[in-house]
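Count the sequence shown with full-length UniProt numbering and you get residues 1 to 402, in order.
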Amino acid sequence: MRENARMKGDYQELVDEISALLGAPATLENRDFALIAFGAHDSDDDSAMDPVRTRSILTRRSTPAVRSWFEGFGIARATGPVRIPPAPEAGVHRGRICLPVRHRGVVLGYVWLLDAEPGPGVEQLSAAMEVAARIGALLADEVQAGADLTREFRAVLTAERGWQRDMAVAALRTALGERAEALHAVVCVAPWPSADPAEAPSVRSVPGATALCTVPWGARGTSPAPGAMAGGQCIALLMRLRSPDILAPALTAASGLLGKISNEGAGAAAGVADARRGLGELDAAWREASAAARAALAEPRLGPVATWASIGPYRLLTALPSEAVHDPVVGPLLEPSHRELARTAEVFLDCAGQAGRTAAELGIHRQTLYYRLSRVEQLTGLDLDDGEDRLLLHMALKASRL
Numbered sequence: 001m002r003e004n005a006r007m008k009g010d011y012q013e014l015v016d017e018i019s020a021l022l023g024a025p026a027t028l029e030n031r032d033f034a035l036i037a038f039g040a041h042d043s044d045d046d047s048a049m050d051p052v053r054t055r056s057i058l059t060r061r062s063t064p065a066v067r068s069w070f071e072g073f074g075i076a077r078a079t080g081p082v083r084i085p086p087a088p089e090a091g092v093h094r095g096r097i098c099l100p101v102r103h104r105g106v107v108l109g110y111v112w113l114l115d116a117e118p119g120p121g122v123e124q125l126s127a128a129m130e131v132a133a134r135i136g137a138l139l140a141d142e143v144q145a146g147a148d149l150t151r152e153f154r155a156v157l158t159a160e161r162g163w164q165r166d167m168a169v170a171a172l173r174t175a176l177g178e179r180a181e182a183l184h185a186v187v188c189v190a191p192w193p194s195a196d197p198a199e200a201p202s203v204r205s206v207p208g209a210t211a212l213c214t215v216p217w218g219a220r221g222t223s224p225a226p227g228a229m230a231g232g233q234c235i236a237l238l239m240r241l242r243s244p245d246i247l248a249p250a251l252t253a254a255s256g257l258l259g260k261i262s263n264e265g266a267g268a269a270a271g272v273a274d275a276r277r278g279l280g281e282l283d284a285a286w287r288e289a290s291a292a293a294r295a296a297l298a299e300p301r302l303g304p305v306a307t308w309a310s311i312g313p314y315r316l317l318t319a320l321p322s323e324a325v326h327d328p329v330v331g332p333l334l335e336p337s338h339r340e341l342a343r344t345a346e347v348f349l350d351c352a353g354q355a356g357r358t359a360a361e362l363g364i365h366r367q368t369l370y371y372r373l374s375r376v377e378q379l380t381g382l383d384l385d386d387g388e389d390r391l392l393l394h395m396a397l398k399a400s401r402l
């Protein structure tokens, strides 16, 4: 957090320096038009603020329409200042000067200034571009530090298998540099309450995190099986580890992210994959993490944070297609009117068929237990003295929560 505050302070100082050089309030946005820093203005003239700048400052982001309009002037390709005329119909009441923020040929952001006659001269703009280059270097350092790997990480998790995923992994590996071969664990927190990526936590707010992003929860490529709570969002996190046997940093991070959800994470859970070195098995790690999160949601005793190693039979059940886990023989038992019978059968099977343990667990007499089990057999047609029938019933009851 202190490092994040330092960076924000550096950006603010550089924006203020440009404002002083050009005698106009400056605004710094990243390449996705999200606000980073802005300079205050002390003019009494209301025209010093127009709706677009005001909205950008208040909401910390420009709208897609505004972004498209400004990009139409070629700012993403420009290497020098770009003057943009006013357009009252678009809410742009004042002309703009855009200073592209680049580093090694890549645009990383934009500095915006309100233009006025006669406007800054060539020497002033040249000096301002030198400051913009320093901002570019700072943004590049932030990218290398993992603060802006959202798109690269998301691309890996959502890409189709084959060359698309290979390219996404290569891009993430390049962005990470030497850290790509480090030991890490993948974490899944689901469901995440907001679909707005801007409301996701910053990677810098999670100690030890390398990358963080939101992805659709249950969409193709983002969960280990179809039908995994389709719709909504989840958080994916890439955590650095010191030892393959110690997942504590990932478990702590998962608990912290759950704590950011209202009602102390009610209705959400987290899963942690096994530790891995490098990015070669990132897709498998994501399947493990999301499977563990699904298991923790289905079986509260496993959560709120579950590891892949701890979810037992759910390692197999979460890998099954959704249509495979709904066996018609068990269907009648899963009706709401038979909820008590279903629980009795599951506890009996969890207790390895030991009547004494089951009766004690349920707090009922043995004769009551035997009666309920006979009703289960009548409803399903299964024989609870048969091992395969027991296995089918046990799997179906567990899978029904998924």
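Glycine included, every Cβ here is placed at the ideal spot set by N, Cα and C.
query                                                                                                           : result
Q378 classed as buried or exposed, judged by whether at least 16 other C-beta atoms fall within 10 angstroms    : exposed
Span of the beta strand (DSSP E) around residue 403                                                             : Examination of residue 403 is not possible in this model, given that the chain is present from 1 through 402 alone.
DSSP bridge partner residues for V82 (one or two, in chain order)                                               : C98
Opening and closing residue of the beta strand (DSSP E) in which residue 404 lies                               : Outside the shown range of the chain (1 to 402) lies residue 404, about which nothing can therefore be said.
From A291, P304, S243, residue whose alpha carbon lies closest to that of R276                                  : S243
Proximity of V272 and V186 at Cβ, strictly below 9 angstroms                                                    : yes
C-beta atoms of P120 and L22 nearer than 9 angstroms                                                            : yes
Cutoff 6 angstroms; reference A137; Cβ partners in own chain excluding five residues on either side             : H103
Opposing strand residues paired with G109 [DSSP bridges]                                                        : N30, V101
Cross-strand partners of F38 (DSSP beta bridge)                                                                 : T27
Cβ-based burial, H184 [other Cβ within 10 Å; buried from 16]                                                    : buried
Classification of T307 by the beta-carbon crowding that lies within 10 angstroms, buried from 16 upward         : buried
Contact under 9 angstroms by Cβ, A293 with A269                                                                 : yes
W217 burial status per 10 Å Cβ neighbour count (16 or more: buried)                                             : buried
The region 124 to 140 touching the region 160 to 171, judged by at least three CB pairs closer than 8 angstroms : no
Opposing strand residues paired with V215 [DSSP bridges]                                                        : C234
Secondary structure of H184, DSSP reduced to three states                                                       : strand
Residue(s) in a DSSP beta bridge with V189                                                                      : I235, A270
3 or more residues per run - each beta strand (DSSP E) lying fully within the region 297 to 371                 : 305 to 307
Local conformation of I275 per DSSP, three classes                                                              : In the sequence as presented, Ile is not what sits at residue 275; that position holds Ala. Three-state DSSP puts A275 in coil, outside helix and strand.
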